[in-house]
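Below is one structure, written out as structure tokens, with a few remarks after it.
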Amino acid sequence: MSDSGAFVLPAGVRLSLDGDALSIENAGDIVIEGAPAQTLRRLASDSGSVTLSPPTAVSLSSISAPQGTVNISGKVTVDSIEAARVEFSSGTLKATVVKASESISVQGSRIEATVLVAPEVDIGANVKGSAMAVQSDNELGPHKLKGGFSLSEFATMMPNGEELLAEHDIEVPDEDDDDDDDDDEDEPDDEAEGPPASDVETVPADELPAAAADEVHELEEDDGVPDEVRTGIAEALAKIQTAYDEGDTPPPIALLAQLVADDDFATLKVQINSMWSDLLKYHQKTGKYISNTVTHMFQTVQLLLRKVED
28 MSDSGAFVLP AGVRLSLDGD ALSIENAGDI VIEGAPAQTL RRLASDSGSV
78 TLSPPTAVSL SSISAPQGTV NISGKVTVDS IEAARVEFSS GTLKATVVKA
128 SESISVQGSR IEATVLVAPE VDIGANVKGS AMAVQSDNEL GPHKLKGGFS
178 LSEFATMMPN GEELLAEHDI EVPDEDDDDD DDDDEDEPDD EAEGPPASDV
228 ETVPADELPA AAADEVHELE EDDGVPDEVR TGIAEALAKI QTAYDEGDTP
278 PPIALLAQLV ADDDFATLKV QINSMWSDLL KYHQKTGKYI SNTVTHMFQT
328 VQLLLRKVED
């Protein structure tokens, strides 16, 4: 047993200096609770976890624990965090990218992050600050963070957004996947059985029963908007409106509702992209979070409008 106060360097620990900055790598856990006398650059655990809870402010380049949990409390500034799980429990955190293969929990007092990416992201209701882009499989609950754009929006809107995501091996989900599936379902079945066209007898509308004749006239007056489009857009709009407090509807959403009420899908198809841009600008200006529901339902409207004839 070592003497009390002795410095013991466990097997598997690697220390390196880059200028005056210290990097610590270990096969197992890394725990830093005191104030580092040396400037830190990198903390990396190969198969364990990293706990960083300094009593004073700490700034470093990266923290990684691909098989474990990164636990952060205190005042920490870091360029990137990559782990299986990230738990920010107290204090303030400034980070460019926080990426987890399982989950991210944000419960501290304040966070300033550019990108949060994990299958599950939990943001405390009282946490202040911002997260410009948040990508998760779960629906985020109410919170006070500004931003909250999807990765595709972030890549489009932000200068060097695509480069930042590529640098950290973050893939932008293909938002057209669902539409591709729908297109596949709409493809005609070449092997489908049916009577030859020559065997189908056509009957003039004036010789049909009244109800059938009405249906024929409705088809003749078809405006190029399938019923499924009207129904789908109406349902998506209802969900979008529910995401906003009564009396707090953004102007682009009010315009969307008006065009749907007027059955003016031709104009809506032309203006939908500019309406989305205006909605993003509205949220940027007000600092209000745009919910996943609004983002997903707006995308649904955009996809449905592709089925409207020009």
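Residues 28 to 337 (the numbering used here) make up the sequence shown, in order. The beta carbon of each residue, even a glycine, is placed where N, CA and C say it ideally should be. Only a predicted model underlies this, so the values are computations on that prediction, with no experimental measurement involved.
Are the CB atoms of residue i and residue j nearer to each other than 9 Å?
i	j	result
P82	E60	yes
D305	P279	yes
S100	V124	no
L191	T141	yes
A270	T320	yes
L25	I317	Beyond the ends of the chain as shown, which are 28 and 337, falls residue 25; an answer cannot be given.
A84	V105	no
V252	D290	yes
L282	I267	no
Need the endpoints of the alpha helix (DSSP H) that residue i sits in, please.
i	result
S304	F292 to T313
A284	P278 to A288
A263	D254 to T269
S43	Premise fails: S43 lies in the beta strand (DSSP E), R41 to D45, not in any alpha helix (DSSP H).
S179	L178 to M184
V328	N319 to L332
Given residue i, which residues of its chain have a CB within under 7 Å of its CB, disregarding the five upstream and five downstream residues?
i	result
E247	Bear in mind that the predicted position of E247 carries a pLDDT of just 41, short of 50, making it too unreliable to give a figure here.
I260	V287, V328 and L331
Q94	S74 and A111
D337	none
I150	V133, L167, H170 and L172
V342	Nothing can be reported for residue 342, as the shown portion of the chain is limited to 28 through 337.
With residue i as the anchor, note down where its beta strand (DSSP E) starts and where it stops.
i	result
N98	V85 to V133
E198	Here E198 belongs to no beta strand (DSSP E), and DSSP marks it neither H nor E.
N53	A48 to N53
E139	R137 to V144
D58	The residue you asked about is not Asp; residue 58 is Val in the sequence shown. Counting along the chain, the beta strand (DSSP E) containing V58 begins and ends at I57 to I59.
L393	Missing from the structure shown is residue 393; the chain here goes from 28 to 337 and no further.
V77	V77 to L79
A71	T66 to S72
E147	E147 to I150
Apart from the five residues on each side of it in sequence, which residues of its chain come closer than 8 Å, Cβ to Cβ, to residue i?
i	result
V154	V133, Q134, G135, S136, R137, I138, H170, K171 and L172
G46	none
F181	V142, M159, A160, G188 and L192
Return the residue from the list the options that minimises the CA-CA distance to residue i.
i	options	result
R68	K126, I51 and S80	I51
K126	T104, S163 and A38	S163
M159	P146, G175 and L306	G175
V40	E190, N53 and I90	N53
S80	A265, H323, T276 and A62	A62
E198	S89, S179 and N187	S179
A265	Y309, F325 and S177	F325
S76	I90, A64, I317 and S86	I90
A145	S117, T104, S177 and S116	S177
K121	S88, R257 and S43	S88
D275	N187, V161 and Y309	Y309
T9	V335, E262 and H323	Look at the range of the chain in this structure, 28 to 337, and you will see that residue 9 is not part of it.
A263	S86, P200 and T322	T322
V375	F292, L282 and Q285	As shown, the chain starts at 28 and ends at 337. That puts residue 375 outside it, with no answer to give.
Q311	P200, S157 and S86	S157
P277	K315, E194 and A64	K315
V297	D272, R333, V35 and E273	R333
Residues in its own chain within less than 6 Å of residue i by CB, not counting five upstream and five downstream?
i	result
D209	Summary for D209: the model assigns pLDDT 46, below 50, so the residue's position carries little reliability; its value from the coordinates is reported in the next sentence. Cβ within range, chain order: n/a, list empty.
E128	Looking at the sequence shown, residue 128 is not Glu but Ser. Answer for S128: A111, listed in chain order.
S130	R112, A145 and E147
A48	T66 and R68
V97	V77, I90, I108, A110 and V113
A71	E52 and S91
G55	G75
S43	S50
M185	none
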